[in-house]
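Using the UniProt record's numbering, you'd call the opening residue of the sequence shown number 1 and step up by one each time. Ideal Cβ positions, reconstructed from N, Cα and C, are used throughout, including at glycine. Quick caveat, the model's predicted, so the values are computed rather than measured.
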Amino acid sequence: MQLAQILPFWNELTPAQRTALQDAAQTQHCAAQTRLNAKESCMGLVGISTGRVRVFTTSRQGREMTLFRLLSYDLCLFSAACLFRSASFEIMLEAQEDTEFVLIPAAVYDRVRRENIAASNYTSELLAQRVSDLLMIMEQWMNQSLAQRIGLFLLEEAQLCDSEELALTHEEIARHVGTAREVVSRQMKLLAAQGLLHVGRGKITLTDSAAMRRFCEEEEG
Numbered sequence: 001m002q003l004a005q006i007l008p009f010w011n012e013l014t015p016a017q018r019t020a021l022q023d024a025a026q027t028q029h030c031a032a033q034t035r036l037n038a039k040e041s042c043m044g045l046v047g048i049s050t051g052r053v054r055v056f057t058t059s060r061q062g063r064e065m066t067l068f069r070l071l072s073y074d075l076c077l078f079s080a081a082c083l084f085r086s087a088s089f090e091i092m093l094e095a096q097e098d099t100e101f102v103l104i105p106a107a108v109y110d111r112v113r114r115e116n117i118a119a120s121n122y123t124s125e126l127l128a129q130r131v132s133d134l135l136m137i138m139e140q141w142m143n144q145s146l147a148q149r150i151g152l153f154l155l156e157e158a159q160l161c162d163s164e165e166l167a168l169t170h171e172e173i174a175r176h177v178g179t180a181r182e183v184v185s186r187q188m189k190l191l192a193a194q195g196l197l198h199v200g201r202g203k204i205t206l207t208d209s210a211a212m213r214r215f216c217e218e219e220e221g
């Protein structure tokens with residue numbers, strides 16, 4: 001169990017608080033494409049040991065949109081939605097590869113957070129960061145074209161995979177950016193026509209990442 005790496009305030013906890021977290025936390029594994037509904041179960045805080053998870057929401061029409069990703073040693077607060085009693089939101093978690101994570105019961109974490117100022121400060125900072133992530137997504141929706149948002153997603157994916165050749169389908173891209181597969185296909189043709197990428201069977205290759213980034217940073221007008 002890697003609580004010390006997942007919780008930056010670990011060294012500021014009392015022995016009793018560490019023991020409480022260690023006794024309550026559970027190590028779990030999930031295969032790639034496994035999905036978890038954080039709201040229905042208030043499953044607790046998810047700390048990633050190894051692997052990668054996307055956190056996303058779903059519209060009433062059933063369209064998905066990625067909010068942010070979780071990598072090794074990242075902690076997800078929104079998987080413990082019951083901690084935020086005044087908020088009403090529903091998120092899902094999906095493992096993008098085989099993932100090992102630590103599940104911390106919400107009630108235990110909440111008690112430690114209320115007792116320990118370092119834990120409380122970290123929780124507030126992390127929550128503020130996630131809200132900032134959501135505001136950035138809203139800004140992209142308002143100020144960038146769909147093609148630009150697709151480009152940003154592909155650049156992020158290339159950085160995460162450390163490769164400009166990405167094993168992605170148009171359906172997968174659509175689930176990340178919150179639109180339909182057919183719409184993504186049209187946008188990909190436009191990006192390919194500009195020489196920014198090449199579309200193959202089951203894969204997409206960024207042919208000029210620098211040009212793609214410049215395209216994504218252009219102001220619409």
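For residue i, the three-state DSSP class (helix, strand or coil)
i	result
His176	helix
Ser72	coil
Gly221	For Gly221, the predicted structure reports a pLDDT of 45, less than 50, and the residue's modelled location is therefore unreliable. The matter cannot be settled from this model.
Ala95	strand
Cys30	strand
Asn11	helix
Phe153	helix
Ser49	strand
Thr205	strand
Leu36	strand
residue 230	With the chain running from 1 to 221 in the structure shown, residue 230 is simply not present.
Glu164	coil
Arg54	strand
Leu21	helix
Met212	helix
Phe84	coil
Leu77	coil
Residue i vs residue j beta-carbon contact at 8 Å
i	j	result
Leu56	Gln148	According to the sequence shown, residue 56 is Phe rather than Leu. Cβ distance not < 8 Å, so Phe56 and Gln148 don't count as in contact.
Asp98	Gly62	no
Glu94	Gln33	yes
Ser49	Phe101	yes
Gln96	Arg54	yes
Leu154	Ile204	yes
Ile91	Leu67	yes
Leu45	Cys76	yes
Arg130	Phe78	yes
Val199	Met65	no
Leu190	Ala211	no
Tyr109	Gln5	no
Leu3	Gln26	no
Leu206	Glu172	no
With 16 other Cβ atoms within 10 Å as the buried cut-off, status of residue i
i	result
His29	exposed
Ala119	buried
Arg113	buried
Glu217	exposed
Ile150	buried
Gln17	buried
Met138	exposed
Leu135	exposed
Gln159	exposed
Met188	buried
Residue range of the unbroken alpha helix (DSSP H) whose run includes residue i
i	result
Arg181	Arg181 to Ala193
Thr123	Ile117 to Asn143
Cβ-Cβ separation, residue j to residue i (assumed contact under 8 Å), whole Å
i	j	result
Leu166	Glu157	5 Å
Ala81	Ala38	6 Å
Gly202	Thr169	6 Å
Val184	Ala174	5 Å
Extent of the continuous beta strand (DSSP E) to which residue i belongs
i	result
Leu3	Per DSSP, Leu3 belongs to no beta strand (DSSP E); it is in the alpha helix (DSSP H), Leu3 to Ile6.
Gly200	Leu197 to Gly200
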